[in-house]
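Worksheet for the structure shown next.
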Amino acid sequence: MELSVNVNVTFQQNKLLSLSGMYNGEYMSAPEYTSISDLNGAGFHGGYNHIVYQVVGQPLGVFYLPHCTGLTQREDGSYQYEIADLNGNGVNLEDGEDRYIAGQATPKTMLGSNISFRYKQFDISLQINGAFGHKIYNGTSLTYMNMGSFPDYNVMQGAPEQNIKDQTATDYWLEKGDYINFDYLTVGWNVPLGKWRKYVQNLRLSCSVNNLATITGYSGLTPMINSYIVNNTLGIDDKRNYPVYRSYTVGLSFQF
Amino acid sequence: MAMKKFVLLFCILYSFAFLSCSKFLEENPRDQISEEDAYDSATAVYLNTVATLYNYVGGYSDSQGLQGTYRGIYDLNTFTTDEAILPTRGGDWYDGGFWQGLFLHKWGVSSDAIRATWEYLYKVIVLSNKSLERLDEFYKQTGNKYIPPYMAEVQAFRAMYYYYLVDMFGRVPLVLSSSTPMKEIKQSTRQEVFEFVVKELQETTPLLSPERSNQFGDYYGRMTRPVAYFLLAKLALNAEVYTNNNWTSGSRPDGRNLFFEVGGQRLNAWQTVMAYCDSITASGYRLTPTYEENFSVFNETSVENIFTVPMDKNFYTNQMQYLFRSRHYNHAKAYGLSGENGSSATQEVLRTFGYDTEDVDARFSKCYFAGVVLDLNGDTVRLDTGEVLEYLPWLVDVDITGKPYEKVAGARMKKYAIDKTATKDGKLSDNDIVLFRYADVLLMKSEAKVRNGENGDAELNQVRSRVGMADRRATLENLLAERQMEFAWEGWRRQDLVRFGLFTRAYSSRPQLADEGCGYTTVFPIPENILLLNGNLTQNPGY
Chain V
1 MELSVNVNVT FQQNKLLSLS GMYNGEYMSA PEYTSISDLN GAGFHGGYNH IVYQVVGQPL
61 GVFYLPHCTG LTQREDGSYQ YEIADLNGNG VNLEDGEDRY IAGQATPKTM LGSNISFRYK
121 QFDISLQING AFGHKIYNGT SLTYMNMGSF PDYNVMQGAP EQNIKDQTAT DYWLEKGDYI
181 NFDYLTVGWN VPLGKWRKYV QNLRLSCSVN NLATITGYSG LTPMINSYIV NNTLGIDDKR
241 NYPVYRSYTV GLSFQF
Chain H
1001 MAMKKFVLLF CILYSFAFLS CSKFLEENPR DQISEEDAYD SATAVYLNTV ATLYNYVGGY
1061 SDSQGLQGTY RGIYDLNTFT TDEAILPTRG GDWYDGGFWQ GLFLHKWGVS SDAIRATWEY
1121 LYKVIVLSNK SLERLDEFYK QTGNKYIPPY MAEVQAFRAM YYYYLVDMFG RVPLVLSSST
1181 PMKEIKQSTR QEVFEFVVKE LQETTPLLSP ERSNQFGDYY GRMTRPVAYF LLAKLALNAE
1241 VYTNNNWTSG SRPDGRNLFF EVGGQRLNAW QTVMAYCDSI TASGYRLTPT YEENFSVFNE
1301 TSVENIFTVP MDKNFYTNQM QYLFRSRHYN HAKAYGLSGE NGSSATQEVL RTFGYDTEDV
1361 DARFSKCYFA GVVLDLNGDT VRLDTGEVLE YLPWLVDVDI TGKPYEKVAG ARMKKYAIDK
1421 TATKDGKLSD NDIVLFRYAD VLLMKSEAKV RNGENGDAEL NQVRSRVGMA DRRATLENLL
1481 AERQMEFAWE GWRRQDLVRF GLFTRAYSSR PQLADEGCGY TTVFPIPENI LLLNGNLTQN
1541 PGY
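So the protein lines, in turn, are chains V and H.
If you use this note's numbering, the first sequence closes out at 256, no skipped numbers anywhere.
If you use this note's numbering, the second sequence closes out at 1543, no skipped numbers anywhere.
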């Protein structure tokens, strides 16, 4: 009998200190807010669709968004996002106006764990991954909870009841991205061969499930989006991700 | 012992590798020509300093090119006016409030499109500066006679880009060298920029080729003398605006008191417009018999067009995306192309053209699709539901989401003939994009005459009679309406409205902004990011 538990916890922290300074005798500076990733696709091109930014004094990749205080009903019964006037001079969605740092796109803590257990001819191993402390912008919900686009575009279950007709990017659809994912579980049996060993050295039968389960509070299809690479998809679940799928594998291996 | 041998061998091999390596590092890339070869003949000099700049006149990605692409000079001059609107249609065309922002004049100081347009204009200017430095160096070395005309061409080309800057941004830095350090880049007043552009164009015109730029030949698509004359006429026509350093003050200089030196004579702004217009007439430009032929698939033969963005499916990558942007999906599909079902005429356009009245202007049906749509065989185009596709011009608004007509409201762009062999969803067609044409010369002259207290009926009615419309008196009001009809979808509306002092007024679906009356929105803001990069620059008034 053999039990092996391997846990890896990584804490990561970073801060963008400065983007200006002297170069070849010239003072160079960068804008205070520079967008890293935006929403995209029909109806979401340009305008106030910047989501993740680099901001001096903040970690690289923060959500810099207007704050939604809730939904307000219009005369026709539909709802819109109520945007807070953060600086008290009228609502303005531009950088430096009614936007605030609403969280970071990269996880603060990451977990990797492998547990394996062997008993006689049987073995079982489980890989667990997790990430915590970051947020995800649910652009898929922003797009498909918008009844304004129906029936030309599909909407999600629950959209007709909620009846939002608005597609302004606010922190309404910014969610916690924490998750624990059971990446795979493998059960193996090394078949006792007895007298057949002179023909076959080893015979192993295994069965594994990939992407067994995910524990998360995130409401979208998966919290496993790009939360690591600084590019134009960082931190955004923007409807075109092919969802992660679960796969079952049965394996039979012979060693002669 | 064996080890020593091995070490020795290793050293020899290593030094071999080292020796051969240094030779190997001498690159002779086959895909590049060397600096000497690049400038060894007149043709090579032309290709590598002058011709290369024309790559930037058109474009295929956002904010690039003078016309043809989205979110650039054309959109900032068109969707900010009563000429065109991109209504939010359900999930389409909201785009983070961008189009509504343009239409309502709430574009803000950190608009990506405005910044990208600024960057595009300065990119071409800096490339022109580089070319000029290169040409200058060659001229000093060789004294070749063919170089000064090239330098004149590049200078005039750069002046055209400054013309767009002075028109859109007002107070901009004049950067005249490719190596100016950032701290030396300072804003000039609007008047200084204007005077620089006029001077550059006036100085270079005698050296420019008198050839036509819009027709095939050695000067196709290039900055030639008539193109420079056209720009000079435009500059003089807008001189009241461009010499006004204080555009939020509520008053501006009078064109009769603004003087130019033209051909040894001292002329006021309006006389200057007339003089340059006459020079273009004398160069042989005239109205084509029909309005449409200026926008046909092979419009390079037009005697009217002066300056175009050359378009060719095989030779250039320039695109014309505006028909694609306007047509309903099924309308485009009926042509075998694609559409984005977007841009439409405003209600103001419909009223100016007299749409839905008995005396609708003949140009309406040449510039717009309205009502039931027919395919190329004359059959009606249907929606996916089987209903007949009918554009409903009067129902446009800033946001028509949820309305039963959200997908079909608005008269759509026609203007350019359909190139059935167009590629890229119909965006890559052969029709050259018309930037400057002779009808504008006539209307500029008519306007200059009226503003100078003379009678401009002849020029105005020359333009009107070409499309079979009855004569009108040349008044400023009629001229502005005429310009809206003649130049529908041609990107002039913002400049015209600013010159007529009407850019900030309210119109259908667009209330005037609270503090807009002073005229601060007649000039775009210096992009916020640009201000942050260079502390010498200050924001335009009102922003």
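All C-beta atoms, glycine included, are put in the ideal place defined by N, C-alpha and C.
M1/V to Q58/V span [Cα, whole Å]: 49 Å
Indicate the three-state DSSP secondary structure (helix, strand or coil) for T1117/H in the structure shown. helix
Chain H within 8 Å of F44/V, Cβ atoms only: yes
For F122/V, which residues of its own chain have a beta-carbon under 6 Å away from its beta-carbon, when the five flanking residues on both sides are left out? W189
So, E1292/H versus R1437/H, is the Cβ gap smaller than 8 Å? no
Test: E32/V CB closer than 8 Å to a CB of chain H: yes
Beta carbon of V1372/H nearer than 8 Å to that of H1331/H: no
Limits of the beta strand (DSSP E) - the one that E2/V falls within: 2-11
I1125/H, buried or exposed, once every other Cβ within 10 Å from all chains shown has been counted against 16: buried
Report the three-state DSSP secondary structure of H1331/H (helix, strand or coil). helix
Does the beta-carbon of P223/V have 16 or more other beta-carbons within 10 angstroms, so that it is buried, or is it exposed? buried
For a contact meaning CB atoms closer than 9 Å, what does E94/V contact in chain H? G1108, V1109, S1110, S1111, E1528
On the CB-based measure, 16 or more other CB atoms within 10 Å of its CB, does L1258/H come out buried or exposed? buried
Roughly how many angstroms lie between the CA atoms of R1412/H and R1363/H, to the nearest whole one? 13 Å
With DSSP run on the structure shown, which of helix, strand or coil describes L1019/H? With a pLDDT of 48 at L1019/H, under the threshold of 50, the modelled position of this residue cannot be trusted; read the value that follows with caution. In the structure shown, L1019/H sits in a helix (DSSP, three-state: H, G or I).
Would you say Q80/V reaches chain H, if we count a Cβ-Cβ gap shorter than 8 Å as a contact? no
Using Cβ-Cβ distances below 8 Å, what residues of the region 149-173 of chain V are close to chain H? S149, F150, D152, Y153, K165, Q167, T168, A169
Could you work out which residue in A1282/H, R1286/H, P1253/H is closest to W1270/H when comparing CA atoms only? P1253/H
In this structure, how does DSSP classify G70/V when only helix, strand and coil are distinguished? strand
Can you find at least 3 beta carbon pairs, one from the region 1519-1539 of chain H and one from the region 1245-1252 of chain H, that sit closer than 8 Å? yes
Taking 8 Å as the CB-CB limit, is D1425/H close to chain V? no
Could you tell me the alpha carbon to alpha carbon distance between P1393/H and P1541/H, rounded to whole angstroms? 37 Å
What residues are listed by DSSP as bridge partners for L1428/H? T1423/H
Taking only runs of the beta strand (DSSP E) that begin and end inside the region 1140-1197 of chain H, which ones reach a length of at least 3 residues, in chain order? none
T1521/H at chain V interface by Cβ criterion, 8 Å: no
In the DSSP output, what is E1261/H paired with across the bridge? R1266/H
Can you pull the DSSP bridge partners for V1434/H? T1308/H
Is the CB-CB distance between F1053/H and S1131/H below 8 Å? In the sequence as presented, Phe is not what sits at residue 1053/H; that position holds Leu. In this structure, S1131/H lies closer than 8 Å to L1053/H by Cβ.
Return helix, strand or coil for R1472/H, following the three-state DSSP convention. coil
Buried/exposed call for V999/H, threshold 16 Cβ in 10 Å: Not covered by the structure: residue 999/H. The range shown for chain H is 1001 to 1543.
Residues in its own chain within less than 8 Å of Q167/V by CB, not counting five upstream and five downstream? G43, F44, L142, T143, N146, G148, S149
For G1468/H, I'd like the list of residues in its chain whose CB is within less than 7 Å of its CB, leaving aside the five on either flank, ordered along the chain. A1362
Determine the chain V residues that contact G1097/H at a beta-carbon separation under 8 Å, and present them in chain order. G47, Y48, L93, T168
Report the rounded CA-to-CA distance for S1302/H versus S1251/H, giving the unit in angstroms. 41 Å
From which residue to which residue does the alpha helix (DSSP H) around N87/V run? No alpha helix (DSSP H) contains N87/V, which DSSP labels as neither H nor E.
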